[in-house]
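The working numbering puts the first residue of the sequence shown at 896, with every later residue one more than the last. Ideal placement from N, C-alpha and C gives every residue a C-beta, glycine not left out. As the structure is a computational prediction, the values presented were derived from the model and not from experiment. Below is one structure, written out as structure tokens; comments come after it.
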Amino acid sequence: MATFSFDIVSEFDKAAMNNAVEGVQREVANRYDFKGTPAGIDWLGEKSGVKITGNNDWQIESILDILRKNLARYGLTSKFLSLEKPILTNNLQSSQEVPFVQGLDAEKAKQVTKLIRDKYPKAKPQIQGQMVRVTSGSKDELQNIMQSLRQSQLEFAVNFTNFR
896 MATFSFDIVS
906 EFDKAAMNNA
916 VEGVQREVAN
926 RYDFKGTPAG
936 IDWLGEKSGV
946 KITGNNDWQI
956 ESILDILRKN
966 LARYGLTSKF
976 LSLEKPILTN
986 NLQSSQEVPF
996 VQGLDAEKAK
1006 QVTKLIRDKY
1016 PKAKPQIQGQ
1026 MVRVTSGSKD
1036 ELQNIMQSLR
1046 QSQLEFAVNF
1056 TNFR
């Protein structure tokens, strides 16, 4: 009997993320309500996130909304953004660092495997570093697992690779 498998990861397309951030930079530069203000978005080191600056919290929230819309335009979810860091205000300028979240840590991987084991007892999920490999004797079951993971309300993004 043939066995089929796929991997569950939490990764984004770097080119699409780059395009989304560049689109935000263009829009902020052209918007009338941001003219003459320090409003902008810049990369953090190694393109591991972005730093949003503005006059106040309102401008930062506006730029975040623009970023979310651009992410959706390029097929990315805003779950890749970590908004845990607070907005810092000094010298009449506010800024917020927004790192990107990638990879399944042990806690997230356990959550995914538990969800799969509860709904699909015949499938075999295995944690392998930053990913979860799911094997089954049925392609249909694997596709059902993918669909249920997409529909579940996980707090992090999941992608599927190596469907065999």
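Per the C-alpha coordinates, the member of K1017, I958, E992, K946 positioned closest to S1033 is K1017. Taking K1005 as reference, the option from I961, Q1021, I955 with the minimal CA-CA separation is Q1021. Shown here, D937 sits in a strand according to DSSP, grouped into three states. Note on geometry: alpha-carbon atoms of T972 and A1052 lie some 7 Å from one another.
Per DSSP, K1014 is not a residue of any beta strand (DSSP E); the alpha helix (DSSP H) it occupies stretches across 1001-1014.
In terms of Cβ geometry, V923 and I903 do not form a close pair [threshold 9 Å]. Excluding sequence positions up to five before and after T932, its CB lies within less than 7 Å of the CB of G949, N950, Q954, all in the same chain and listed in chain order.
Taking a 10 Å sphere around the C-beta of L939, we find fewer than 16 other C-beta atoms and assign the residue as exposed.
Between the alpha carbons of K1019 and Q997 lies a gap of roughly 24 Å. Note that the C-beta distance between F907 and G944 is not below 9 Å. Within the same chain, Cβ atoms closer than 6 Å to the Cβ of R963 are found at S973, the five residues on either side in sequence being excluded.
If you check the CB distance, V1007 and F901 do not come in under 9 Å. Residue pairing by DSSP places G918 in no beta bridge whatsoever.
Taking a C-beta distance under 9 Å as the contact criterion, F899 and F1058 qualify as a contact pair. The secondary-structure analysis by DSSP pairs M1026 across a beta bridge with Q1023.
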